[in-house]
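Engineer: 44 is the number that the working numbering gives to position 24 of the sequence shown; each next residue is one higher, with no gaps. For reference, the structure I am asking about is given below.
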Amino acid sequence: MSRRADRRFMGRALELARLNYGLTGDNPSVGCVLVDPLGRIVGEGVTGEGGRPHAEQIALDDAGDRAALATAYVTLEPCRERSTGEDACSKRLIDAGIGRVVCAIADKHPKGAGGFAALRAAGIPVFVGLKQDDADVLYEDFFNLHG
Ligand SMILES: [Zn+2]
21 MSRRADRRFM GRALELARLN YGLTGDNPSV GCVLVDPLGR IVGEGVTGEG GRPHAEQIAL
81 DDAGDRAALA TAYVTLEPCR ERSTGEDACS KRLIDAGIGR VVCAIADKHP KGAGGFAALR
141 AAGIPVFVGL KQDDADVLYE DFFNLHG
């Protein structure tokens, strides 16, 4: 996937994240777009009102089998653990066979951090920092409250 396409899909993920900004309780509003190797969007998600389900979970459900080998564009680092005991998004992405993960920004919240490490340990290439300036603005309040 070209750098230009990467920027376009991350732009879409940020657009999704903004849809539920302020509506997701203690959780940040995250956007996720899954794109197959041919460049087609196969799944999209935004954090649900009140904070769940998480964006990646919705996008993966949306994509089903088409998530295999897709690139996941996520506005914030996928979670490492869930307080509810459900599967974390990093595990869900690994189990779905995602081929690559592109994120705008790392999660500075101690409970959220560690998702990148889990993905990389599973052999999935992770790129962080695409459109980070936009994500900085979007998550400024979240990091100030929880960081
Ligand atoms: Zn999550």
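The beta-carbon is built from N, C-alpha and C at its ideal position, and this holds for glycine as well.
Spatial neighbours of Leu43 within its chain, please: C-beta separation below 6 Å, excluding the five flanking residues on both sides.
Structural biologist: Here Leu43 has Glu69 as same chain residues with Cβ atoms under 6 Å from its own Cβ, once five neighbours each way along the sequence are excluded.
Engineer: By DSSP, does Gly135 sit in helix, in strand, or in coil?
Structural biologist: helix
Engineer: Is there at least one non-hydrogen atom of ligand 1 closer than 6 Å to the beta-carbon of His74?
Structural biologist: Yes - ligand 1 has a heavy atom lying nearer than 6 Å to the Cβ of His74.
Engineer: Once you ignore the five residues that flank Asp154 on each side, which residues in its own chain have a CB closer than 6 Å to its CB?
Structural biologist: Leu34
Engineer: Once you ignore the five residues that flank Pro145 on each side, which residues in its own chain have a CB closer than 6 Å to its CB?
Structural biologist: Arg120
Engineer: Unbroken beta strand (DSSP E) runs of length 3 or more, entirely within the stretch 77-107: which are they?
Structural biologist: 91-94
Engineer: Can you pull the DSSP bridge partners for Val55?
Structural biologist: Answer is Ile61, Thr91, bridged to Val55.
Engineer: Kindly indicate the opening and closing residues of the beta strand (DSSP E) around Arg120.
Structural biologist: 120-123
Engineer: Below 8 Å, can you find three or more Cβ-Cβ pairs linking the stretch 101-120 to the stretch 70-77?
Structural biologist: Per the Cβ contact rule, the stretch 101-120 is in contact with the stretch 70-77 (3 or more Cβ pairs under 8 Å).
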